[in-house]
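-12 is the number of the first residue of the sequence shown in my numbering; add one for each residue after it. Using N, Cα and C, we set each Cβ at its ideal position, and we do this for glycine too. As the structure is a computational prediction, the values presented were derived from the model and not from experiment. Contents: one structure, followed by commentary.
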Amino acid sequence: MKSTFRITSLSLLLSFLVSITALSQVAITAVPFLQINTDTRSRGLGEATVAMLNSPGGIHVNPATIGRKNTIEFYSPVSFNNGREIFRKPWLPGFGASDLYLQNPGIIFGFDKFSLGYQYTYLNLGEQFITGDSSPTPKDSFNSFEEVHTFSASYQITNDLFVGAGLNFGKSKLSSGQSINGQQIKSPTFTTVDVGIYADHTYDYKEMLITPSLGWSLTDFGKPIGYVREQGKNPLPMMMRGGLGLKMETKERIWDRTAFSIGGYASLSKTMARYKTEVAAGNTQFEPMGPWEVLFKSWGPYQRFNGQDYVELSLLDQLQTQTGLELIYLETLSLRFGHYYEHPENGARSYSTFGIGVHYKYFTLDYCEIDINDADHPFSGTSSMQFKVNIPFSLFEDL
């Protein structure tokens, strides 16, 4: 069925958007869809990929990690349950909404010392119906969506050190621009910045090559935006990530391919969003901290109302943890296992993931699914598939 909403206030639609994180810091932010990890391989590893090189998921996780040398990569989600619309994936299928879906095609050009990438992310929120203040009868409708264009670049400073940066240009269209209950609702645009660093070093040990790695990134650094002209603004879901990786691969070659490799990854992430109180003309107002201020002032305890009581979250309680394990056989078959965890008062998302990848010549097909012990959770039944084409520059030389 189609997802249809009779919009009587802006908060109705916003509550739908943040329903998956209504207990967390991200619930106070605008455009929370920016924190959706759209890469199937990364999701299969519990999103623990800030320290993993050569992953398309790095384009909005850690831009320093994007690109394969002398290779063009094109990728897109695919789904065979949408009729003719195969290049998109359902989002939160537990809602039973056929027009709630994600699209995130992208392309990355990897050169000798640097890489350039572009990804378009589109979250369709379905058809919305506009009613009058006193009548439930729809008088108009529009399609709501959120989108972002991401341009990223990485540069290899030394054999072991990479840096990266990205620009995101987005729009959040939750209304048609009408006024509801005297409040004018707009569709804000925004610009954010991503920065990242990645380092690794390979050690030759007996019959193995061992590569420890580390990564750090700050994504969606930008000014707060607002939906309602008569009200204040909301901070963007700026995210800081840091993590480690360890990859081990055999020197043995079979059919000119690495016989076996195993990679383990672990990361921590934190939403960098806070409000501050300001007193003007005897009235206390809550204003979002700017991006520079929140970098220094969001490390202390965070207090929030959970619907019944005020609770205080320590810094450790505010951190999300991600772990992942990847096994690769003959550079052809990959098995992935991951886990994602948030504190019960800071999002309450705790789930395991399983993924599989098949690579043959220039083509890769990745699949992952989320295993969550709650049939009513919005993530229940969530799976994704992604198709990728790797075109080496040498292919053009042979033409």
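Mind reading off the beta-carbon distance from Pro222 to Met276? Whole number of angstroms is fine, and I expect it under 8 Å.
-> 7 Å
Sub-8 Å separation of Ile95 and Gly54 beta-carbons | yes
Status (buried if at least 16 other CB within 10 Å, exposed otherwise) for Gln295 = exposed
Would you check if the distance between the CB atom of Gly93 and the CB atom of Pro175 is smaller than 8 Å?
-> no
What are the residues that DSSP puts in a beta bridge with Phe366?
-> Note: Phe366 sits in no beta bridge, so no partner.
To the nearest angstrom, report how far apart Thr52 and Ile172 are at their CA atoms.
-> 38 Å
Can you give me the Cβ contacts of Leu10 inside the same chain, cut-off strictly under 7 Å, excluding the 5 residues immediately before and after it?
-> Unreliable positioning characterises Leu10 in this predicted model, as indicated by a pLDDT of 46, which lies under 50. The coordinate reading is nonetheless provided below. Within the same chain, Leu10 has close Cβ partners Asn293, Glu332, Asn333, Gly334, Ala335.
How is the beta strand (DSSP E) around Pro278 delimited, first residue to last?
-> DSSP places Pro278 in no beta strand (DSSP E) but in the uninterrupted alpha helix (DSSP H) bounded by 278 to 284.
Assigned secondary structure, Phe380 (DSSP; H/G/I helix, E/B strand, else coil) = helix
When you compare each of Ser66, Ile378, Asp187, Leu306 to Met389 by their alpha carbons, which one comes out closest?
-> With the chain represented from -12 up to 386, any question about residue 389 goes unanswered, as that position is not in the structure.
Does the distance from the C-beta atom of Thr258 to that of Met226 stay below 8 Å?
-> yes
Per-residue DSSP class, three states only, for Pro388 = Here the chain has residues from -12 to 386 only, and residue 388 is not among them.
From which residue to which residue does the alpha helix (DSSP H) around Gly31 run?
-> Where Gly31 is concerned, the enclosing alpha helix (DSSP H) stretches over 27 to 31.
Alpha carbon to alpha carbon, how far is Ser367 from Lys193?
-> 45 Å
Quick one: residues in its chain with C-beta nearer than 8 Å to the C-beta of Leu255, no 5 flanking neighbours on either side, listed in chain order?
-> Arg228, Gly229, Gly230, Leu306, Gln307, Thr308, Gln309
What residues are listed by DSSP as bridge partners for Val135?
-> Thr108, Gly157
Per-residue burial, Gln22 [other beta carbons within 10 Å of its own, 16 or more giving buried] | Flag for Gln22 reads buried.
Phe273, buried or exposed, once every other Cβ within 10 Å from all chains shown has been counted against 16 | exposed
Please work out which residues of its chain come closer than 7 Å, Cβ to Cβ, to Asn111, disregarding the five sequence neighbours upstream and downstream, and give them in chain order.
-> Asp86, Leu87, Tyr88, Phe132
To the nearest angstrom, report how far apart Val376 and Thr145 are at their CA atoms.
-> 28 Å
For Gly157 and Thr179, the rounded distance between their alpha carbons | The C-alpha of Gly157 is placed about 8 Å away from the C-alpha of Thr179.
Please report how far the alpha carbon of Val215 lies from the alpha carbon of Ile15, in whole angstroms.
-> 15 Å
Top-ranked residue by Cα proximity to Val150, from Tyr338, Phe101, Phe129, Tyr316 = Phe101
Leu201: which of Leu148, Arg244, Arg261, Met195 sits nearest, CA to CA?
-> Leu148
Can you give the Cα-Cα distance for Leu(-1) and Ile315, rounded to whole angstroms?
-> Low per-residue confidence applies at Leu(-1): pLDDT is 38, beneath 50, and the placement is therefore not dependable enough to give any value.
When DSSP builds the beta bridges, which residues end up paired with Asn221?
-> Ile212
Inter-residue spacing [alpha-carbon to alpha-carbon] between Thr58 and Phe247 = If you draw a straight line from the Cα of Thr58 to the Cα of Phe247, it is about 23 Å long.
Starting from Pro92, follow its DSSP beta bridges and name the residues at the other end.
-> DSSP, once it has assigned bridges, lists no residue as partnering Pro92.
Does the Cβ of Pro288 have 16 or more other Cβ atoms within 10 Å, making it buried, or fewer, making it exposed?
-> Exposed: under 16 other Cβ atoms inside 10 Å.
Pro288 in three-state terms, based on DSSP = coil
Please say whether Arg75 and Cys355 have beta carbons closer to each other than 8 Å?
-> no
Look at Ala35 and Tyr185 and say whether their C-beta atoms are less than 8 Å apart.
-> no
Identity of the residues DSSP links to Ile64 by a beta bridge | In the sequence under discussion, the amino acid at residue 64 is Pro, which differs from the Ile named in the question. The partner list for Pro64 (beta bridge, DSSP) reads Gln373.
Between the CA atoms of Thr189 and Phe138 - distance to the nearest angstrom = 29 Å
Using 10 angstroms around the beta-carbon of Glu384, count the other beta-carbons present and answer buried if the total reaches 16, otherwise exposed.
-> exposed
Can you tell me where the beta strand (DSSP E) with Ile343 in it begins and where it stops?
-> 337 to 347
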